[in-house]
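See below for the structure under consideration.
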Amino acid sequence: MRRELRGACGERKERTIMDMRQLTAEGLIACIKKCYPDCTLTQEEIAGMLEIPPEKSLGDYALPCFKLSRVFRKAPPEIAARLCESVKELDLCGKAEAVGGYLNLFLNRENLARGILKTVIEAKGHWGGSEVGKGKTVCLDYSSINIAKRFHIGHLSTTMIGNSLKRIYDFNGYTTVGINHLGDWGTQFGKMICAYKKWGDRETVEKAGVQGMVDLYVRFHKEAETNPELEDEGRAWFKRIEDGDPEAMEIFTWFKEVTLRDAQRVYDLLGVSFDSYAGESFYSDKMEPVIRQLKEDGLLVESQGAQVVDLEAYGMPPALIMRSDGATLYITRDLAAAFYRHNTYHFDKCLYVVAYQQNLHFKQLFKVLDLMGCDWSKGMEHVAFGMVSYEGRALSTREGYVVYLDELLQKAVDKAREIIETKSPNLENKDEVARQVGIGAVVYFDLHNDRMKDIDFRWERALNFDGETGPYVQYTHARCCSVLRKAADLTLSEPDYTAVTDDEAQDVLMSLSRFPETVRKAMESNEPSMITRHTTQLAQAYNKYYFEHRIMEENDPAGTAARLELTRAVKEVIATGLYLIGVEAPERM
Ligand code: ARG
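Just so you know, we're using the numbering used here here: the sequence shown kicks off at 691 and counts up by one.
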């Protein structure tokens, strides 16, 4: 980074990643200490106080001096006025004004442009990343599909929020462990084997995939209405799974393979992967020690023959750990999984990306671990999210209104292909781009709003090339690439950064400079949508710039060089933003 942007008086180490807020705070704290030598505030505190004014005419950052007035025992306007004089000497400052109790700071645009563009480009795609997670581990439990059920649109959020968070934590130096906690335990698998033995054959199921198993399961329930003995047979088969009987295990394992094979197709389309598929059945032999400890701790009480942990004191219904027949439950397996993850990965954080319908389950889980004295459970968090409806209608398996994910994604690719056909008939790799744009549109749509909000999926919104959509952002990325391609043969001189000091360029630069802040906040609140929105705003700012300015001017090689740097930085940060939410960035569209 260049000296001009250091701002502060005195030395400091070179930083590869520059954060405008920190930099401004650094300059300010130096001024504050000069004016008020007794000041004990830290740079961090000042950075936290800085506000982004609602209007550009009020500056790039504003320091409300009300908070300082208590510390310095001076009226806010007086502090603002005094700091204003001192701040003007900083390189980073273009202009400063004291208005009311506020110190409004306008950054020096040329220095800002130079510093930001250089740093972003030198960061080589790592702008916004950090090493804060170095040496720390995050487990992420996401997607976590159920065996012998088809992957539907309701699984999209857990899969894509989890995938995005994994990328965000990776980007910040954490070691991440992506876990697909498969739903592969329960009496339904006994019933399914029973149905398979009676009416199924391998070839049909192999061919039909998961749907073949679903059909068997449906048939089982139909037949059981008139023939209730089937239920006993189903239970007996599950008992055989529990006992590790070879035949039962063989069929059960094969069911899993078929399900995962189908799911893998969807994961491949979405670009999602996992480090572990340890699901519920993996814990079938790991619950016993947990139950024993619960007993030893005196936490387990009997209730109507079942073993429960009483949570009344915490305003929750009891956590059912073991039924009267000895069967364990979902939460029992989650308890065993928590211990296993703690012992295996020594995680600092363990995130569960699961719909808000399971709020109570996770509250109970965390409470039980807390009661067991597991200090490490403080690092566990339920990352909840809202529901998805489709074209204005709530999904319901019972009413037969389901949208399968493989079909949805295929439709997205087909639709994108049609649009590309009319928009860019000469594009070479249309199939590849259609895949990137179609899938990208769906993923972007899913990660565009706060995760707690319910989503109504609509095609005309997801695939619109003009709104706040995936295709729009991808198109901006491709536009930057195209500009850079055209400029590839130009002989350029040293950039003249005064060429990028206009308001439109400023907006782009500020958006670039604030990107690391957004990434950090997105990580702290496990909210990928912050990155989606920031990336969209960056694309909007660049497009505005693009339409109002010529990037390449023959008689102005130095200005052209600066505008191309701006374009390159935007391209890289858009690519990063899209990557972090799990969307690909095509170079041509
Ligand atoms: N398979 C479960 C479901 O579909 C989600 C599992 C979430 N993860 C967990 N550790 N409980 O509802």
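Heads up, the beta-carbon is just placed ideally off N, CA and C, and yes, glycines get one too. The structure displayed is predicted, hence computed values, not measured ones.
* How big is the Cα-Cα spacing for Met-1068 and Val-980? -> Note on residue identity: the sequence assigns Lys, not Met, to residue 1068. Each residue's alpha carbon lies about 18 Å from the other.
* Inter-residue spacing [alpha-carbon to alpha-carbon] between Met-710 and Glu-716 -> 10 Å
* To do: Please list the segments of the beta strand (DSSP E) lying wholly inside the stretch 782-864, counting only runs of 3 or more residues, in order along the chain.
  => 783-789, 792-797 and 827-831
* **C-beta contact flag for Leu-959 and Leu-1098 at 8 Å** => no
* Asked: Name the DSSP bridge partner or partners of Phe-1147?
  -> BP columns for Phe-1147 point to Tyr-1080.
* **Cβ-heavy atom distance, Gly-873 to the ligand ARG, below 7 Å** => Yes, the ligand ARG has a heavy atom inside 7 Å of this Cβ.
* Asked: Along the chain, where does the beta strand (DSSP E) that runs through His-911 open and close?
  -> No beta strand (DSSP E) contains His-911, which is instead part of the alpha helix (DSSP H) from 900-916.
* Asked: How many whole angstroms separate the CB atoms of Arg-1107 and Lys-1120, which I take to be in contact at a CB cut-off of 8 Å?
  -> 7 Å
* **Distance cut-off 7 Å: Asp-965 Cβ against heavy atoms of the ligand ARG** => no
* Out of Tyr-792, Thr-732, Tyr-957 and Val-867, state which residue places its alpha-carbon closest to the alpha-carbon of Phe-1037. => Val-867
* Reducing DSSP to helix, strand and coil, say where Met-1279 ends up. => coil
* To do: Give the straight-line distance between the Cα atoms of Met-1012 and Val-956, rounded to the nearest whole angstrom.
  => Cα to Cα, Met-1012 sits roughly 35 Å from Val-956.
* To do: Have a look at Leu-1095 and Pro-1185 and give me their C-alpha separation to the nearest angstrom.
  => Using only the alpha carbons, I get a separation of about 48 Å.
* Asked: For the ligand ARG, any of its heavy atoms closer than 7 Å to the Cβ of Tyr-1042?
  -> Tyr-1042: yes, Cβ under 7 Å from the ligand ARG.
* Asked: What's the call for Ser-1079, buried or exposed, on a 16-neighbour Cβ count within 10 Å?
  -> buried
* Report whether the distance from the Cβ of Asn-870 to the nearest heavy atom of the ligand ARG is below 7 Å. => no
* Asked: Do you know offhand how far Gly-1005's Cα is from Leu-1019's?
  -> If you draw a straight line from the Cα of Gly-1005 to the Cα of Leu-1019, it comes to about 21 Å.
* Does DSSP put Phe-726 in a helix, in a strand, or in coil? -> In the sequence on display, residue 726 carries Tyr and not Phe. DSSP places Tyr-726 in coil when its eight states are reduced to three.
* heavy atom of the ligand ARG below 7 Å from Asn-836 C-beta -> Checking every heavy atom of the ligand ARG against the Cβ of Asn-836, one is found closer than 7 Å.
* Using 8 Å as the Cβ pair cut-off and three pairs as the minimum, do the stretch 884-897 and the stretch 847-865 touch? -> no
* How would you label Lys-1039, buried or exposed, when you count the other beta carbons within 10 angstroms and need 16 or more for buried? -> buried
* Asked: Mind checking Gly-815: buried by the 16 CB within 10 Å criterion, or exposed?
  -> exposed
* For Tyr-751, the first and last residue of its enclosing beta strand (DSSP E) -> 751-754
* To do: Can you give me the Cβ contacts of Ser-993 inside the same chain, cut-off strictly under 7 Å, excluding the 5 residues immediately before and after it?
  => Pro-1008
* So what does Tyr-1091 bridge to, in DSSP terms? -> Ser-1086
* In the stretch 960-1002, which residue ranges form an unbroken beta strand (DSSP E) of at least 3 residues, counting only runs that do not cross its ends? -> 990-993 and 996-999
* Are there 16 or more other CB atoms within 10 angstroms of the CB of Asn-1049, so buried, or fewer, so exposed? -> exposed
* How many angstroms separate the CA atom of Arg-799 from the CA atom of Ile-1264? -> 22 Å
* For Ile-806, which option in Thr-1226, Val-1260, Glu-734 and Pro-744 has the closest C-alpha, if you only look at C-alpha atoms? -> Val-1260
* Quick one: does the C-beta of Ala-786 sit closer than 7 Å to a heavy atom of the ligand ARG? -> no
* Sheet register partners of Glu-741 (DSSP bridge) -> In DSSP, Glu-741 forms a bridge with Ala-752.
* Asked: Looking at the C-beta of Asp-860, does it have a partner C-beta in chain E at a distance below 8 Å?
  -> Protein chain content of the structure displayed is limited to a single chain, and chain E is not contained in it.
* Opening and closing residue of the alpha helix (DSSP H) in which Met-1200 lies -> 1193-1214
* To do: For the alpha helix (DSSP H) holding Ile-1129, just list the boundary residues, first then last.
  => 1120-1136
* So is Arg-1175 buried or exposed if we call it buried at 16+ other beta carbons inside 10 Å? -> exposed
* Asked: Taking 7 Å as the cut-off, is the CB of Asp-831 close to at least one heavy atom of the ligand ARG?
  -> yes
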